[in-house]
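Order-wise, the sequence lines are chains A and B.
So for the first sequence, the numbering used here puts the first residue at 1; every next one is plus one.
So for the second sequence, the numbering used here puts the first residue at 1001; every next one is plus one.
Glycine is no exception: its CB is placed at the ideal position from the N, C-alpha and C atoms.
Since the model is a prediction, treat every value here as computed from it, not as a measurement.
In what follows, a structure is listed as structure tokens, so that the remarks can point back to it.
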Amino acid sequence: MNVNELQKIAEIVDTAAKDGNAIAQLSETYELTLEEAYEVQALSMGRRYGRGEMQVGVKMGFTSRAKMVQMGLDDLIWGRLTDKMLVEDGGEIDIADYVHPRVEPELAFLLKRPLYGNMTPFEAMEAVEAIAPAMEIIDSRYENFKFNLPDVVADNSSSSSFVIGNWNRPDQDFSNLGMVMEFDGRPVEIGSTASILGHPTRALVGAARMAAEAGMVLEEGWIILAGGATAAAALSRGLNVRLDAENIGRVNFSTKA
Amino acid sequence: MSEVSDADIQRGAEMLRVAAEKGEPCPPLSSFLPADDLDVGYAVQDANTAYWLEQGRRLVGRKIGLTAKAVQAQLGVDQPDFGMLYADMAYADGAEIPLSRLLQPKIEGEIAFVLGDDLDSDNLTITDVMSAIDYAVAAIEIVDSRVADWKITIMNTIADNASSGLYVLGSEPKALGEFDPRLCGMVIEHAGDPVATGAGAACLGNPLNATLWLAQTMVKAGRPLMAGDTVLSGALGPMVPVNGPGVYELRINGLGSVRANFV
């Protein structure tokens, strides 16, 4: 597929994300390879940078068994995070701005040094300034949240917003932190950071490797979302959404009534 | 309790005992006992408890089941259930567990509380429970069903000693206050994969809540929890089917790890 065609597809997914409108699966019309899907993602996010947004990190996806089961897939994928996607801790979102948003509890890494290429978990952690509890609001732009692998990758791996709690020192054991995500004080998803590839640091190592494969450096100051610790829960209006994470604190946001 | 003859209670109890002894699951008891009657379930369980105690099995504690809201909903109840733990059901960390002792096992990661005091007074509170706990350890509960294909209703599972099988306790006893019972992370790993994950809150919001329910219920049932008793307080995440020999490791953050070694 030539770059003009990819650019055209990028415009379709970008517009859907911008306007919060559902679109048909790209795979119904186009036959994208995984590589082309990442091209579409880069071009689509390039359009957002053109509107003044800035990349502030990456998100990893399909890192938990729960997620793999939910989506029927088993490949690690990644997407780009921008400054405009960041929701303040305690902030509010309007679900009218999304297609069919879901939320999942995550662990976030903050980088103090650039990361690039293949490395050991120890080397990856050497670049980590802090860790924090986080929630990612994922929102597939495809009708009924249905997609295949190239579809979701082209759609920035369903990423749409994220909320980060307080930063904690990274020199602690965060391999099995309990996570309780509540809607209006009632638990809706309960899990552990252990469901992120068995250890969240593996997602960080994966992020450095996959970014390098795409010719990208994970920059100092960037945030890496390690992936969901539980299945995602569908959002509705007028909710207070809170994540309580063992040892590292809380993060919350609400949805407009 | 519905109108049920003692003969039918005894018949149900015997069917379950024979299934356990022969290693061959039996059909659901609901063909002749009311499927949703909790009291009938406990009457059958009691008949077998009396039988086993008479046979010389040593009662060492209780297990709490149905501590997840989702599981309660599946069985159409709004409360947990309990079963008896006997000394011959207990295994130490990593000890070989013969699959021949089990019919259709599944495992769950739990917190076990071991009591240092009796909980035998009326109107027990959470304070009594916290004060009575000597220590906690990570525990793998091996649940099993004597009922073919796990085709259980609430009465069937309660009758069948709350679908209990065997259990394995960790070896790092911790006092309350040394870990976070509500937020502690739980993972079961098998062959390098996290096959189940969860946290303390999955057990009735907090495993101590489940333990209080059990303590109060056992006082009412006339068989109170006593010093030295082990309480398996309920699953912190999904059940994992055991399909053959192999090692399953449970880790609970702050409580250490424990291994079930099926041979």
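Contact with chain A is found for Arg-1251 of chain B, since one of that chain's Cβ atoms lies less than 8 Å from the residue's Cβ. Taking Tyr-1042 of chain B as reference, the option from B:Asp-1078, B:Leu-1066, B:Arg-1101, B:Asp-1160 with the minimal CA-CA separation is B:Asp-1160. For Thr-1157 of chain B, the number of other beta carbons within 10 angstroms of its own is at least 16, and it is reported as buried. Annotated as proximal: Ala-1196 of chain B and Gly-1109 of chain B, with beta-carbon spacing under 8 Å.
For a Cβ distance threshold of 9 Å, residue set Asp-1180, Arg-1182, Leu-1183, Cys-1184, Gly-1185, Ala-1199, Gly-1200, Asn-1253, Gly-1254 of chain B lies close to Glu-246 of chain A, ordered along the chain. DSSP lists no beta-bridge partner residue for Asn-1156 of chain B.
With 16 or more neighbouring CB atoms inside 10 Å of its own CB, Val-205 of chain A falls in the buried class.
The three-state reading of DSSP puts Phe-162 of chain A in strand, counting E and B together. Remark: C-beta atoms of Asp-1128 of chain B and Gly-1116 of chain B do not approach each other more closely than 8 Å. Looking at the backbone, the Cα of Met-1239 of chain B and that of Gln-7 of chain A are separated by about 47 Å.
Judged by their CB atoms, Gly-1165 of chain B and Pro-1207 of chain B are not nearer to each other than the 8 Å cut-off.
Taking C-beta atoms as the reference points, Met-179 of chain A and Val-188 of chain A fail to come closer than 8 Å.
Taking 8 Å as the CB threshold, Ile-131 of chain A stays off the interface with chain B.
Cβ atoms of Ala-154 of chain A and Val-58 of chain A stay farther apart than 8 Å, at about 16 Å. Short of 8 Å from the beta carbon of Pro-150 of chain A, and not among the five residues preceding or following it, lie these beta carbons of its own chain, in chain order: Leu-26, Ser-27, Leu-32, Thr-33, Leu-34, Glu-36, Ala-37. At a cut-off of 8 Å between beta-carbon atoms, Pro-1194 of chain B makes contact with chain A. In terms of beta-carbon proximity, Leu-243 of chain A stays away from the interface with chain B, with every pair separated by 8 Å or more. Between Leu-177 of chain A and chain B, the shortest Cβ-Cβ separation is below 8 Å. The bridge partners DSSP lists for Glu-1110 of chain B are B:Ala-1139, B:Ala-1235. In this structure, Ala-233 of chain A and Ile-196 of chain A do not form a Cβ contact; the two beta carbons are roughly 17 Å apart against a cut-off of 8 Å. For Trp-1052 of chain B, the enclosing alpha helix (DSSP H) begins and ends at 1038 to 1054. Cβ contact annotation for Val-1060 of chain B (same chain, cutoff 6 Å, sequence separation greater than five): Leu-1085, Ala-1087, Thr-1230, in chain order. Judged by beta-carbon spacing, Val-152 of chain A lies beyond the 8 Å limit of Ile-248 of chain A, meaning their Cβ atoms are not closer than that value.
Relative to Gly-1170 of chain B, the option among B:Pro-1181, B:Val-1147, B:Ala-1138 whose CA is nearest is B:Ala-1138.
Taking 8 Å as the upper bound for CB-CB distance, Ile-1140 of chain B and Tyr-1167 of chain B are in contact here, some 7 Å apart. Burial of Asn-1253 of chain B is indicated by the presence of at least 16 other C-beta atoms within 10 angstroms of its C-beta. Listed by position along chain B, the residues whose Cβ is nearer than 7 Å to that of Gly-206 of chain A form an empty set, because the closest Cβ is around 16 Å away. In the DSSP assignment, the residues bridged to Tyr-1167 of chain B are B:Ala-1090, B:Glu-1141. Gly-1012 of chain B and Leu-1225 of chain B have their C-alpha atoms roughly 26 Å apart.
In the DSSP assignment, Val-1187 of chain B is bridged to B:Thr-1197, B:Arg-1251. Within chain B, not a single residue places a beta-carbon under 8 Å from that of Gly-185 of chain A; the smallest gap is close to 11 Å. Annotated three-state conformation of Trp-78 of chain A is strand, per DSSP.
Contact between the region 1202 to 1217 of chain B and the region 131 to 145 of chain A is absent: fewer than three C-beta pairs spanning the two stretches fall below 8 Å. The Cβ atoms of Ile-1107 of chain B and Val-1242 of chain B sit closer than 8 Å to each other. Here Ser-159 of chain A has Lys-59, Gly-79 as same chain residues with Cβ atoms under 6 Å from its own Cβ, once five neighbours each way along the sequence are excluded. Residue contact with chain B for Val-180 of chain A: present (Cβ-Cβ distance below 8 Å to some residue of chain B).
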